[in-house]
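Novice: When we follow our numbering, the leftmost residue of the sequence shown carries the number 47, and every step to the right adds one.
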Amino acid sequence: MQLTLRQAIMQRMKGKSEEELKEVINDSIGGQEQVLPGLGVLFEVIWENGNPELHEQLVHTLEEHLK
Numbered sequence: 047m048q049l050t051l052r053q054a055i056m057q058r059m060k061g062k063s064e065e066e067l068k069e070v071i072n073d074s075i076g077g078q079e080q081v082l083p084g085l086g087v088l089f090e091v092i093w094e095n096g097n098p099e100l101h102e103q104l105v106h107t108l109e110e111h112l113k
C-alpha cells in the first residue's frame, strides 16, 4: 500500500504530545522548503477542526501580516 504525502505526514504526527507538535512546527518554520507541505497538512487539521471564530482569527492574522 502506497501512502499519499498527506497520509504519511498524518501517520508521522499521530501520537505526538503537544510539546512534540510544537517542536515540529517551530523547527519547520523558516526551515527547508521541503517541510512546507507538512505545515500545510497541520494547518488543514486545524482548519477542519476549528470553529468559525478560530477561522476568522486565523484569516485576520494572515491578512494583517500579508499587507
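Ideal placement from N, C-alpha and C gives every residue a C-beta, glycine not left out.
With DSSP as the reference, label K62 as helix, strand or coil.
Specialist: It is coil, neither helix nor strand.
Novice: Would you call the segment 91–100 in contact with the segment 65–83, where contact means no fewer than 3 C-beta pairs closer than 8 angstroms?
Specialist: Counting Cβ pairs under 8 angstroms, fewer than three are found: no touch.
Novice: Who are the near neighbours of R52 in its chain, counting only those whose CB is closer than 7 angstroms to its CB and skipping five residues on each side?
Specialist: So the list reads V87, once near-sequence residues are dropped.
Novice: Since G84 is in the alpha helix (DSSP H), which residue starts that stretch and which ends it?
Specialist: Looking at the DSSP string, the run of the alpha helix (DSSP H) that includes G84 is 82–95.
Novice: What is the C-beta distance between M59 and L67, in whole angstroms, given that I count them as a contact (C-beta under 8 angstroms)?
Specialist: Indeed, because the Cβ distance is near 7 angstroms, the residues count as touching under 8 angstroms.
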